[in-house]
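Numbered by my numbering, the letters in the sequence shown go through residues 16 to 203 in order. From the three backbone atoms N, C-alpha and C, an ideal C-beta is built for every residue, glycine too.
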Amino acid sequence: MEAIRRKIRKSLYKAGRRGLVLMALLFLCMTFCLGQVQSRMEAETLRLTQEAENLRQWKAERNGISMEEPPQWAESGEEEAIHGFEKAGLHILSREEQEEEEKNTGKIRKEHILLHGTYIQLLQSFDIIKSEYRGASFTVFSITRDDTGLSIKGELRTFRSRGTYEEEKYRPHRSDGDREEQSGADSG
């Protein structure tokens, strides 16, 4: 009986050693495979980053924008109304900034835009612009149908500033409501 127990222990010991060796080899192979996957992912990320930079430069050159100076499409912290088209799923094919229009109430920025998408996306973009971007409007110049959808040319007009209202709002001598200067008799 004791001899059988020894044989069983010996065989379990050998099997355990084999199992540990196999597990170590398995972990070694997994580490190697994960390292290969990581290096491929890093190479792919680098390739995509370079491709995006090349595409950005190509678009800028095509639209006549100098890459040394950033485009003046929006002031700092100002969210652009053109994002309403992107939120609706329309693709912006080209974007050309026009000369600002001066009014007594402020400046109106104008951009000619070429979009591509569906009619439903265009309607959704109007709703998004109306609800999220106050003071913005889009005038459609032409809509043409092609095999993949609609090409839409138009002008996006954005109200830039409030002009004289902002100047008046922060003047130090501005009175609020019916407030009048206190006379000497009223002050106590």
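- Message: For leucine 108, count the other beta carbons within 10 Å of its own beta carbon; 16 or more makes it buried, fewer makes it exposed. Which is it?
- Response: As a working mapping, residue 108 is identified with position 93 in the sequence shown. Leucine 108 is exposed by the Cβ-count criterion.
- Message: For the alpha helix (DSSP H) containing alanine 103, name the first residue and the last one.
- Response: Along the sequence shown, read from residue 1 onward, the residue named residue 103 stands at position 88. Looking at the DSSP string, the run of the alpha helix (DSSP H) that includes alanine 103 is 98-103.
- In the DSSP assignment, find the alpha helix (DSSP H) that holds aspartate 142 and state where it starts and stops. Position 127 of the sequence shown, counted from the first residue, corresponds to residue 142. First-last of the alpha helix (DSSP H) with aspartate 142: 134-147.
- Task: Taking threonine 159 as the reference, give the member of Glu66, Ile167, Arg71 with the closest Cα.
- Result: Here residue 159 is taken as the residue at index 144 of the sequence shown, counted from 1. For threonine 159, the nearest C-alpha among the options comes from Ile167.
- Buried/exposed call for arginine 71, threshold 16 Cβ in 10 Å: Position 56 of the sequence shown holds residue 71. By the 16-neighbour rule on beta-carbons within 10 angstroms, arginine 71 is exposed.
- Which residues does DSSP pair with threonine 173 in a beta bridge? As a first step, residue 173 is located in the sequence shown; it is residue number 158 there, counting from the start. Paired residue(s): Arg124, Ala151.
- Whether lysine 102 touches glutamate 170 by CB criterion (8 Å): For this step, residue 102 is matched to residue 87 along the sequence shown. For this step, residue 170 is matched to residue 155 along the sequence shown. Contact: no.
- Based on the DSSP secondary-structure assignment, which residues constitute the bridge partners of threonine 159? For the purposes of this step, residue 159 is taken as the residue at position 144 of the sequence shown. Its beta-bridge partners are Ser166.
- Item | Exposure label - glycine 50; buried when at least 16 CB within 10 Å | Looking up residue 50 in the sequence shown gives position 35. The residue is exposed, with fewer than 16 neighbouring Cβ atoms inside 10 Å.
- Message: If I follow the unbroken beta strand (DSSP E) through glutamate 112, where does it start and stop?
- Response: Your numbering for residue 112 matches position 97 in the sequence shown. Looking at the DSSP string, the run of the beta strand (DSSP E) that includes glutamate 112 is 106-112.
- Buried versus exposed, by CB contacts within 10 Å (16 or more), threonine 173: As a first step, residue 173 must be located in the sequence shown, where it is residue number 158. So threonine 173 counts as buried.
- Give the straight-line distance between the Cα atoms of isoleucine 143 and leucine 130, rounded to the nearest whole angstrom. As a first step, residue 143 must be located in the sequence shown, where it is residue number 128. As a first step, residue 130 must be located in the sequence shown, where it is residue number 115. Straight-line spacing of the CA atoms in isoleucine 143 and leucine 130 works out to 16 Å.
- When we look at the beta-carbon of phenylalanine 47 and count the other beta-carbons within 10 Å, is it buried (16 or more) or exposed? Counted from its first residue, the sequence shown places residue 47 at position 32. By the neighbour-count rule (16 or more Cβ atoms within 10 Å), phenylalanine 47 is not buried but exposed.
- Residue interval of the beta strand (DSSP E) (run including glutamate 95): On the sequence shown, residue 95 is found 80 positions in, with the first residue counted as 1. Run containing glutamate 95: none; DSSP gives neither H nor E here.
- Task: Tell whether a beta-carbon distance below 8 Å holds between serine 111 and histidine 127.
- Result: Within the sequence shown, numbered from 1, the residue matching residue 111 stands at position 96. Within the sequence shown, numbered from 1, the residue matching residue 127 stands at position 112. A small correction: the amino acid at residue 111 is glutamate; serine does not occupy that position in the sequence shown. Yes, Cβ-Cβ distance for glutamate 111 and histidine 127 is below 8 Å.
- Query: Hey, tyrosine 148 and glycine 104 are a contact pair by Cβ (cut 8 Å); roughly how many whole angstroms apart?
  - Reply: Within the sequence shown, numbered from 1, the residue matching residue 148 stands at position 133. Within the sequence shown, numbered from 1, the residue matching residue 104 stands at position 89. Not really, about 17 Å apart at Cβ, beyond 8 Å.
- Query: Between which two residues does the beta strand (DSSP E) carrying glutamate 115 extend?
  - Reply: Residue numbering aside, residue 115 sits at position 100 when the sequence shown is read from its first letter. From DSSP, glutamate 115 is part of no beta strand (DSSP E); its letter is neither H nor E.
- Whole angstroms is fine: what's the gap from leucine 41's alpha carbon to leucine 138's? For the purposes of this step, residue 41 is taken as residue 26 along the sequence shown, with counting starting at 1. For the purposes of this step, residue 138 is taken as residue 123 along the sequence shown, with counting starting at 1. Roughly 57 Å separates the two Cα atoms.
- CA-CA distance, threonine 133 and valine 155? Translated into the one-based positions of the sequence shown, residue 133 becomes position 118. Translated into the one-based positions of the sequence shown, residue 155 becomes position 140. Roughly 14 Å separates the two Cα atoms.
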